[in-house]
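Note sheet for the following structure.
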Amino acid sequence: MPKELIRLSDCSMAFDGEVVLNNLNLYINDKEFLTLLGPSGCGKTTTLRIIGGFQRQTSGDVFFDGVRINDVPPHKRMVNTVFQKYALFTHLNVFENVAFGLRLKREDGKKLTKSDIASRVSEMLDIVSLSGFEKRDVASLSGGQQQRVAIARALVNQPKVLLLDEPLGALDMRLRKDMQNELKRIQQTTGITFVYVTHDQEEALAMSDTVVVMEKGVIQQIGTPEDIYNEPKNAFVADFIGESNIVDGCMHSDGVVEIFGRKFACLDKGFAPMEHVDVVIRPEDVDIVDVKDGMLTGTVTNITFKGMLYDIIVDFKGFKWLIQTTDLSPVGSKIGIKIDPDGIHIMKKSEFSGVFGDYSSYSAEYDDISDVEYEPDGSDSEAAAYET
Amino acid sequence: MKPKHFTIPYIGWMAVFVVAPIVLIFVYAFTTASGELTLANFARIAGFASVFVNSFRLALIATLICIIIGYPVAYILSKEKMRIQRLIVMLIMLPLWMNFLLRTYAWMSILENTGLLNRFLAFVGLPMLRIINTQVAVVIGMVYNFLPFMILPIYSVIMKIDKSLLEAARDLGAPPLSVFSKVVFPLSLPGVLSGMTMVFVPAVSTFVITQLLGGGMVILLGDLIEMQFLGAAFNPHVGSAVALVMMFIVIVFMYVMNKFGGGEGRTVGL
Ligand SMILES: Nc1ncnc2c1ncn2[C@@H]1O[C@H](COP(=O)(O)OP(=O)(O)OP(=O)(O)O)[C@@H](O)[C@H]1O
Ligand SMILES: [Mg+2]
Chain A
0 MPKELIRLSD CSMAFDGEVV LNNLNLYIND KEFLTLLGPS GCGKTTTLRI IGGFQRQTSG
60 DVFFDGVRIN DVPPHKRMVN TVFQKYALFT HLNVFENVAF GLRLKREDGK KLTKSDIASR
120 VSEMLDIVSL SGFEKRDVAS LSGGQQQRVA IARALVNQPK VLLLDEPLGA LDMRLRKDMQ
180 NELKRIQQTT GITFVYVTHD QEEALAMSDT VVVMEKGVIQ QIGTPEDIYN EPKNAFVADF
240 IGESNIVDGC MHSDGVVEIF GRKFACLDKG FAPMEHVDVV IRPEDVDIVD VKDGMLTGTV
300 TNITFKGMLY DIIVDFKGFK WLIQTTDLSP VGSKIGIKID PDGIHIMKKS EFSGVFGDYS
360 SYSAEYDDIS DVEYEPDGSD SEAAAYET
Chain B
0 MKPKHFTIPY IGWMAVFVVA PIVLIFVYAF TTASGELTLA NFARIAGFAS VFVNSFRLAL
60 IATLICIIIG YPVAYILSKE KMRIQRLIVM LIMLPLWMNF LLRTYAWMSI LENTGLLNRF
120 LAFVGLPMLR IINTQVAVVI GMVYNFLPFM ILPIYSVIMK IDKSLLEAAR DLGAPPLSVF
180 SKVVFPLSLP GVLSGMTMVF VPAVSTFVIT QLLGGGMVIL LGDLIEMQFL GAAFNPHVGS
240 AVALVMMFIV IVFMYVMNKF GGGEGRTVGL
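First to last, the protein sequences are chains A and B.
The opening position of the first sequence corresponds to residue 0 in numbering that gives the first Met the number 0, with each subsequent residue numbered one higher.
The opening position of the second sequence corresponds to residue 0 in numbering that gives the first Met the number 0, with each subsequent residue numbered one higher.
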């Protein structure tokens with residue numbers, strides 16, 4: 000039975016009357032890797048700041064190890080933070096940045112010795128591959144190096160909980176993947192609880208034990224990466240995690256859903272008879288067959304070569320689906336499709352119904368647009384400012 | 000290239016108003032009245048050693064007092080609400096918009112033996128203070144006149160410190176006092192440094208304050224130079240030599256200070 004370490008209970012946050020977190024209920028277990036995932040502005044940083052003690056929630060309680068810590072100031076909380084914009088001390092070199100927390104630390108009522116601090120710092124710099132950078136001015140480091148200093152600076156204190164606010168945001172793809180593995184390894188070997196913030200769903204699925212999907216200050220779903228991917232609760236989650244075709248459907252009975260006037264077998268049950276629902280069909284769960292064998296017939300309108308597979312857009316009576324396939328069917332050709340019962344996932348209607356899951360506006364650049372590092376708060380210019 | 004032409008007025012201005020006077024001072028300092036080269040002017044300076052010592056001592060005291068008063072003011076100010084900050088900054092600058100002489104005259108009437116201060120002391124039954132025409136009065140005058148030049152640079156540097164650094168320090172376990180001593184203070188040093196320059200340099204060369212509040216009893220370098228150029232002692236050659244030596248000492252002083260302070264907060268843009 001995992002032990003609960005942190006609990007947010009009915010936490011709400013409003014700035015000047017504008018609600019940015021709405022009644023958050025969340026518990027985080029000891030040694031867990033939990034990720035807050037959501038688009039920009041959904042309240043991820045605000046949630047972390049409440050846990051770290053930098054922001055006082057407008058209402059609700061925060062518990063640490065069963066103790067209410069609403070009034071405990073940040074320096075007395077057993078958490079450390081990797082800030083979204085690094086927040087490195089520009090007047091100190093790399094070594095002193097990392098040593099900052101150690102110099103304030105008391106173990107058994109005593110300060111750490113110089114040599115103890117030096118060895119812990121160098122060990123930590125080794126872990127983040129920054130050995131030899133001790134004397135460097137932090138302003139002279141690249142964005143990725145600064146980020147790794149920030150990680151080392153927090154981790155060296157061996158906190159119970161590490162809060163990481165998009166710690167890999169400034170890294171290139173390659174380094175990002177390496178650091179993901181590295182962070183995951185560190186988390187597993189140290190047993191430190193990680194509360195990780197990202198808006199990159201792939202990163203969230205790859206690293207986490209638990210994913211918390213947020214939108215508009217509300218938790219949309221909490222679950223394991225598999226749960227979140229296979230059993231999204233609503234159209235927002237289905238669309239945000241991976242690619243999804245989301246269509247209107249009608250539950251005839253347990254295991255039977257009608258889409259585009261045809262009945263399909265599915266595994267979902269427990270809906271009211273004839274209840275209107277959202278149906279999620281992942282692009283990789285659609286099989287292409289001959290028109291005569293197909294459950295539905297559509298016309299191919301667009302093809303994008305993606306290396307291993309083709310992304311094709313298929314028009315079914317004006318509603319466009321994204322399908323991933325290895326077989327090439329030329330644009331304009333008619334194809335039939337088949338979907339296995341376990342390829343269909345049924346969701347209750349929600350405020351997000353009809354907003355997501357249509358590929359009518361699909362273009363080849365679609366992916367690029369949705370995957371760019373969307374940072375409206377100008378962290379790029381921030382990084383540039385550090386260089387000067 | 001076009002941009003070059005735009006610099007011509009500045010170069011001209013600098014040549015006429017900055018370089019020319021310095022050249023003149025050099026020429027005067029190394030010549031006699033009849034135009035022969037000499038070092039005698041500098042030899043005479045030895046006789047004014049006490050004026051040099053006094054000037055630097057009083058300017059230093061005034062600078063230190065300005066730091067002691069100005070730093071907390073700037074720090075507390077930076078924590079206020081934006082609206083209040085703007086108001087207070089304006090109040091700090093307000094006296095600067097008034098004539099320097101007038102402001103100093105006002106202090107005369109406050110510090111005089113029969114001035115406001117002593118009348119107040121008499122009123123509450125305390126003994127009278129003899130301040131006017133002493134070094135104390137001169138230092139008060141310096142602090143009063145130059146304090147804004149200490150507060151404002153410190154304030155603007157503190158305001159530029161990224162607030163997330165303070166959060167990071169607290170996150171790493173620093174109680175509020177350590178946040179100040181380990182982050183805010185070192186990062187604000189460049190402001191202190193430029194404040195020191197802006198107070199010390201005018202203080203060391205002032206003559207209005209000494210004449211009005213020191214009543215001729217306190218003679219500093221500014222007075223000495225003024226006397227050599229305009230006063231009874233008329234000798235611009237010695238005056239120039241004094242000015243040169245003072246300039247030299249001030250430059251060395253500033254250089255050492257910048258070197259010493261530069262190691263700390265050099266990344267803060269100033
Ligand atoms: N101090 C503040 N004052 C006013 N509004 C704020 C403040 N801090 C955050 N907000 C607002 O709260 C909302 C959530 O912000 P938050 O920083 O938590 O988003 P986020 O999920 O971390 O986004 P991102 O991925 O861009 O970092 C935003 O609309 C933001 O404008
Ligand atoms: Mg954020």
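Built from N, CA and C at the ideal position, the CB exists for glycine as well.
Quick caveat: nothing in here was measured; it's all calculated off a predicted structure.
Assignment of A/M346 by DSSP, reduced to helix, strand and coil, places it in the strand class. Contact annotation: in the segment 166–190 of chain A, no residue has its CB less than 7 Å from a CB in chain B. Straight-line spacing of the CA atoms in B/F55 and B/V203 works out to 6 Å. If you check the CB distance, A/I221 and A/V211 come in under 7 Å. Assignment of A/L111 by DSSP, reduced to helix, strand and coil, places it in the coil class. Only residues of its own chain outside the window of five on either side were considered, and among them P73 have a CB closer than 7 Å to the CB of A/F53, listed in chain order.
Within its own chain, the residues whose Cβ lies closer than 6 Å to the Cβ of A/N79, once the five positions on either side in sequence are excluded, are A153, N156, P158 and L161, listed in chain order. By DSSP's assignment, A/F62 forms a beta bridge with A/R6 and A/R67.
When the beta-carbon positions are compared, B/F148 and B/M197 come within less than 7 Å of each other. Bounds of the alpha helix (DSSP H) holding B/S54 are A48 to K78. Flagged as an interface residue toward chain B: A/L103, by a C-beta distance shorter than 7 Å.
Linking B/S77 to B/Y154 through their CA atoms gives a straight-line distance of about 6 Å. B/M92 counts as exposed, since fewer than 16 other C-beta atoms from the protein chains shown sit within 10 angstroms of its C-beta. Counting along the chain, the unbroken alpha helix (DSSP H) around B/Y143 starts and ends at Q134 to K159. Non-local beta-carbon contacts of B/L164 in its own chain, meaning distances under 8 Å to residues more than five positions away in sequence, involve V182 and L186 in chain order. Between ligand 1 and A/G42, a heavy atom-to-CB distance of less than 6 Å is present. With a cut-off of 6 Å, the C-beta of A/Q83 is classified as near ligand 2, since at least one heavy atom of the ligand falls inside that distance. In this structure A/M77 does not touch A/I49 by the C-beta definition: roughly 15 Å separates them, more than the 8 Å allowed. Excluding the 5 residues flanking it on each side, A/D238 has same chain C-beta neighbours closer than 7 Å at I245, F355 and G356, in chain order. Per DSSP, B/N234 lies in no alpha helix (DSSP H) and is assigned neither H nor E. Judged by pairs of C-beta atoms under 8 Å, the segment 112–127 of chain B does not touch the segment 34–46 of chain B, as fewer than three such pairs exist. Remark: three or more beta-carbon pairs, one from each stretch, lie closer than 8 Å, so the segment 279–287 of chain A and the segment 321–339 of chain A are flagged as touching. Interface with chain A (7 Å Cβ-Cβ cutoff): B/P189 is excluded. For A/I322, the enclosing beta strand (DSSP E) starts and ends at F318 to T324. Residues of chain A with a Cβ closer than 7 Å to the Cβ of B/V182 are, in chain order, F88. For the segment 43–66 of chain A, the beta-carbon criterion of a distance under 7 Å to any beta-carbon of chain B is satisfied by G51 and F53. Under a criterion of Cβ atoms nearer than 9 Å, no residue of chain B is adjacent to A/F132; the nearest Cβ is some 16 Å distant. When the alpha-carbon of B/V137 is set against those of B/Y70, B/G11, B/V217 and B/A167, the nearest one is in B/V217. Counting only Cβ-Cβ distances below 7 Å, A/T80 has contacts in chain B at D170, in chain order. Chain-order list of chain B residues neighbouring A/N156: L171 and G172, by C-beta distance under 8 Å. Distance between B/M13 and B/T6, taken at the CA atoms: about 11 Å. The beta carbon of A/G100 falls within 7 Å of a beta carbon belonging to chain B, placing the residue at that interface.
According to the DSSP secondary-structure assignment, A/Q220 is paired through a beta bridge with A/V212. Pairing A/D125 with B/G194, the inter-Cα distance amounts to about 42 Å. Using a cutoff of 6 Å, the CB of A/V19 counts as near ligand 1, since one of the ligand's heavy atoms is closer than that.
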